[in-house]
Amino acid sequence: MKKITSIITISLLFSLLASCRGGATNDSAESSASSASISSSSAMGSSDSSSASASSSDQETVLTVGDFYPFTASVYSSYLGDGNEYASFKVYPQYIEGNRMQITSNNGGTQIVTVLENADGELKEVFSRPETYFRENMLGKTASGEAANQLNILLKEPLAVGNSWTNPNGTTSAITNTAAKVETPLGTFAALEVTTTYETSKTMNYYVKDLGLVKRVSDLGDGMVVSSSLETRTENIPETQMLRVYYPDSNVMGLDATSVELAYATNQITRDVLAAALKNVAAAPGGHVIGPNVTINSLALSDDGRVHVDFSQEFVSEMNAGSSAESLILQGVVNTIGEYYGVQEVYLTVAGKPYESGHILMGEGQYFTVDYSDVNQ
99 MKKITSIITI SLLFSLLASC RGGATNDSAE SSASSASISS SSAMGSSDSS SASASSSDQE
159 TVLTVGDFYP FTASVYSSYL GDGNEYASFK VYPQYIEGNR MQITSNNGGT QIVTVLENAD
219 GELKEVFSRP ETYFRENMLG KTASGEAANQ LNILLKEPLA VGNSWTNPNG TTSAITNTAA
279 KVETPLGTFA ALEVTTTYET SKTMNYYVKD LGLVKRVSDL GDGMVVSSSL ETRTENIPET
339 QMLRVYYPDS NVMGLDATSV ELAYATNQIT RDVLAAALKN VAAAPGGHVI GPNVTINSLA
399 LSDDGRVHVD FSQEFVSEMN AGSSAESLIL QGVVNTIGEY YGVQEVYLTV AGKPYESGHI
459 LMGEGQYFTV DYSDVNQ
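Below you can see the structure in the form of structure tokens.
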């Protein structure tokens, strides 16, 4: 697995934010941002006439953390880094449900999944899992113990200068500006500035209404500054991953392998995407690994460290293979799923029962093991 080579990298990644609605640049972007005091006429670039014409109700509209961090689906954001090789990163919202959103953040050195919660006037991290290269819905998870003590509160109402709070990790954050001028590759914005103070450093995060995080600047002392700035933001685009698929070779003597692309929109279910991919493997004999009517009923990484996958009955009935081919198909499927999740053991069932066919009978709780010994070199 890839390793984080700098403690700076961890602090930069832990509070990554997904881009959201909006996305104007330059003057148009400036006019979309609001001061957190907070009125719609306080954005940079708005004219005196527009300010004068704003109604008193508009001027008194109080914005919330949801305005500065809206949960928006299928928006791909990339941030350009400076000062550290891992300061650049990419963010995608994997799942959104109610007041929680799960994002994945990749900086080229590691990939972190973080669950955010907007509740009681604050936006906070409630769960984080480093080195996570598979896709799974973790919205229901909440960190506890020492893991919970490493999380942050990203925003807290009221959104006014002077409001401060203590994070679970012991650091202090405060709103230090409500109309900070921030320059990014995507444009110049008036942003809400949140400063978090550490023992020997401080980090400023800049949020823009309807966009979310647009910039992060970490002053590490001794003249060392690391920054990440919003560079691109693309709507209605899927998250993509590469899946290594193993399948019987044409002589049914071993396993060949190929890579296929997986594409997920926000809230798309992993088991459905994975099943579709296994039905469309051009390099495999017949162009598929599993039959056309096979579904995956459930798929998850369990607390026992194994992946539990349950196929529909068609997994067996549409296999139509002798004992050697069946063994290779099973091994190929196990290798594919196990490698995707980064585990060595896969508990594979069919219609909720241990795998059973005319050639192979598995017992209750008996699992398959990832094995590359039959893979052709």
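Anchor point for the sequence shown: position 72 equals 170 in my numbering, and the numbering is continuous, going up by one each time. Even glycine gets a Cβ: it sits at the ideal position worked out from N, Cα and C. Keep in mind it's a predicted model, so treat the numbers as computed, not measured.
When you compare each of the options to residue i by their alpha carbons, which one comes out closest?
i      : options                           : result
Asn261 : Thr274, Asp408 and Glu359         : Thr274
Ala245 : Glu255, Pro168, Val468 and Pro266 : Pro266
Ala355 : Gly219, Asn235, Thr230 and Tyr470 : Tyr470
Val444 : Glu416, Asn433 and Leu178         : Asn433
Gln192 : Thr293, Ala171 and Val343         : Ala171
Tyr439 : Glu462, Thr286 and Leu341         : Leu341
Glu416 : Val392, Glu437, Ile435 and Leu397 : Val392
Gln442 : Tyr465, Gly450 and Ile427         : Tyr465
His457 : Ala423, Glu281, Glu437 and Asn474 : Ala423
Val482 : Leu284, Arg233, Gln339 and Val292 : Not covered by the structure: residue 482. The range shown for the chain is 99 to 475.
Gly179 : Lys313, Gly243 and Thr240         : Lys313
Ala289 : Thr298, Met302 and Glu297         : Met302
Thr218 : Gly164, Met351 and Tyr177         : Note that residue 218 is Asp in the sequence shown here, rather than Thr. Comparing Cα positions, the closest option is Gly164.
Ala375 : Gly420, Gly352 and Val431         : Val431
Gly319 : Asn395, Tyr453 and Lys300         : Lys300
Ala363 : Thr338, Asn349, Val387 and Phe232 : Thr338
Ser71  : Leu426, Thr295 and Thr286         : In the structure displayed, the chain extends from 99 to 475; residue 71 sits before or after that span and is not available.
Asn235 : Pro452, Val358, Ser421 and Leu399 : Leu399
Asp347 : Val160, Gln475 and Val173         : Gln475
Asp370 : Ser396, Gly181 and Gly352         : Ser396
Gly384 : Ser357, Asn418 and Ala361         : Asn418
Can you tell me which of the three DSSP states residue i falls into?
i      : result
Thr467 : strand
Ser348 : coil
Glu416 : coil
Pro383 : helix
Thr434 : helix
Asp472 : coil
Asp370 : helix
Gln339 : strand
Ser175 : strand
Ser242 : coil
Leu41  : The shown model of the chain, from 99 to 475, leaves out residue 41, and the question about it has no answer.
Ile388 : coil
Ser410 : coil
Phe287 : strand
Tyr231 : coil
Gly461 : coil
Ser422 : helix
Tyr445 : strand
Tyr193 : strand
Tyr439 : helix
Going by DSSP, name the residue or residues bridged to residue i.
i      : result
Lys222 : Glu215 and Ile251
Val324 : Ser316
Tyr184 : Per DSSP, none; premise fails for Tyr184.
Asn204 : Lys188 and Gln209
Ser262 : Ala272
Asp354 : Tyr345
Lys300 : Thr295 and Asp317
Gly456 : According to DSSP, which records beta bridges pairwise, Gly456 is partnered with nothing at all.
Leu257 : None, per the DSSP bridge assignment.
Lys377 : BP columns for Lys377 are empty, so no partner.
Leu360 : Gln339
Ile427 : Partner(s): none; Ile427 has no beta bridge.
Thr330 : Ser176
Count Cβ pairs between the segment 369-386 and the segment 204-213 that sit closer than 8 angstroms; are there 3 or more? The segment 204-213 and the segment 369-386 do not touch, with fewer than three beta-carbon pairs separated by less than 8 angstroms.
Check whether the segment 398-408 and the segment 211-221 are in contact - that is, three or more C-beta pairs closer than 8 angstroms. Segments in contact, no.
Indicate whether the contact test is met: 3 or more Cβ pairs, each with one atom in the segment 407-416 and one in the segment 334-351, closer than 8 angstroms. Three or more beta-carbon pairs separated by less than 8 angstroms are not found between the segment 407-416 and the segment 334-351, which leaves the two stretches without contact.
Evaluate the contact criterion for the segment 238-256 versus the segment 219-228: three or more CB pairs, one atom per stretch, below 8 angstroms. At 8 angstroms Cβ cutoff, the stretches touch.
Determine, using beta-carbon pairs with one atom in the segment 323-332 and one in the segment 175-186, whether at least three such pairs fall under 8 angstroms. Cβ pair count under 8 angstroms is three or more, so yes.
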